[in-house]
Amino acid sequence: MKTNSDEKNENISDNDKPVISSGQNIAIIIGTILFPVIGVAMGYTFYKKDNPAAKKAGRNWLILGIIMFIVNISVVSTMK
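First residue of the sequence shown? That's 853 in this note's numbering, and the numbers climb one at a time after it.
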């Protein structure tokens with residue numbers, strides 16, 4: 853006898869999976885705050901993809917990476 857969750861799992865295809873998981877998104881955001889080059893690199897990589905969700909995430913990471921570069925440069929320059 854099948855339950856509702858078994859039927860839902862059978863109906864889920866690979867196309868229904870999100871391109872970017874929430875865990876991956878959070879990890880890249882934290883990595884970008886610590887090391888801005890991660891956001892720039894991952895943002896550029898995902899921004900080139902055809903999937904709209906990947907483009908949106910890539911754009912966000914790229915913007916955050918650039919902002920963090922500017923923040924880091926300004927913090928270091930004020931410390932002198």
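A virtual CB, placed ideally from N, CA and C, is assigned to each residue, including glycine.
Everything numeric in this text was worked out from a predicted model, so none of it was measured.
Item                                                                                                                                                                  : Value
Do L914 and I885 come within 9 angstroms of each other at the CB atom, strictly closer than that value?                                                               : no
Could you tell me the distance, in whole angstroms, from the CA atom of M931 to the CA atom of I890?                                                                  : 24 angstroms
Can you tell me where the alpha helix (DSSP H) with V871 in it begins and where it stops?                                                                             : That residue, V871, is in no alpha helix (DSSP H); it is neither H nor E in DSSP.
Leaving out the 5 sequence neighbours to the left and right, which residues in its chain are closer than 8 angstroms to R911 when beta-carbon positions are compared? : G895 and Y899
Report the option in V928, N924 and A905 whose CA atom is closest to the CA atom of S874.                                                                             : A905
Report yes if the C-beta distance between V923 and K901 is below 9 angstroms; otherwise report no.                                                                    : no
Buried or exposed: which applies to I878, given that a residue is buried once 16 or more other Cβ atoms fall within 10 Å of its Cβ?                                   : exposed
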